[in-house]
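To start, the structure itself, in structure tokens.
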Amino acid sequence: MDPKDYVVIPDDFEGYSLNHFCIPPHYKDALESVFLPSGLILNRIERLAQDIVAHYSDKPFQALCVLKGGYRFFADLLDRIQQYNHFGCRSVPFSTDFIRMKSYVDDRSTGEVQVIGLDSMDDLSGKNLLIVEDIIDTGKTMKSYEELC
174 MDPKDYVVIP DDFEGYSLNH FCIPPHYKDA LESVFLPSGL ILNRIERLAQ
224 DIVAHYSDKP FQALCVLKGG YRFFADLLDR IQQYNHFGCR SVPFSTDFIR
274 MKSYVDDRST GEVQVIGLDS MDDLSGKNLL IVEDIIDTGK TMKSYEELC
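Here it is as structure tokens:
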């Protein structure tokens with residue numbers, strides 16, 4: 174992937190001054206700076222939605238949210254996709270589903286992944302899948318998901 178295709182935050186970036194943003198009073202004492210302004214995040218979500226609509230074109234897909242961390246981003250992303258479906262010149266049909274994948278007990282990875290929420294993983298077989306996960310650290314959870322499908 175070309176570095177121009179994503180946002181890069183250098184390791185030594187100290188963030189933007191809080192004076193540039195509207196910060197809720199209950200956060201003011203807890204923050205030193207802002208690394209990613211909300212407008213940038215919202216714009217990147219919108220661009221990602223455009224890319225997804227362009228990628229799937231008119232092929233239906235199943236949007237699968239891995240709970241719990243991915244829910245808010247998932248909702249924002251699907252809202253933008255629906256906007257493109259509503260106002261765009263083409264409509265990409267999609268359906269949604271939710272699962273939980275557990276591989277942690279307390280703050281330690283167990284190495285085993287438990288899938289909660291689908292009656293059968295066979296329901297996803299042969300479908301175009303858009304998987305929305307909050308954080309991928311070791312990759313074991315996503316690898317296990319790939320093996321289950």
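When you read off a place in the sequence shown, starting at 1, and then add 173, the result is the number in our numbering. Just so it is clear, CB atoms sit at the ideal spot from N, CA and C, and this is done for glycine as well.
Straight-line measurement puts the Cα of S264 at about 44 Å from the Cα of A203.
The secondary-structure analysis by DSSP pairs Y244 with nothing; it has no beta-bridge partner. By the criterion of a C-beta distance shorter than 8 Å, V181 is surrounded by no residue of its chain, once the five residues flanking it on both sides are discounted.
Contact check for P210 against Y189 passes: the beta carbons are separated by less than 8 Å. According to the DSSP secondary-structure assignment, S268 is paired through a beta bridge with Q235. In the DSSP assignment, V181 falls outside any beta strand (DSSP E), carrying neither H nor E.
Under the three-state reduction of DSSP, L191 is assigned to helix. An exposed status is given to M294, since fewer than 16 other beta-carbon atoms sit within 10 Å of its beta-carbon.
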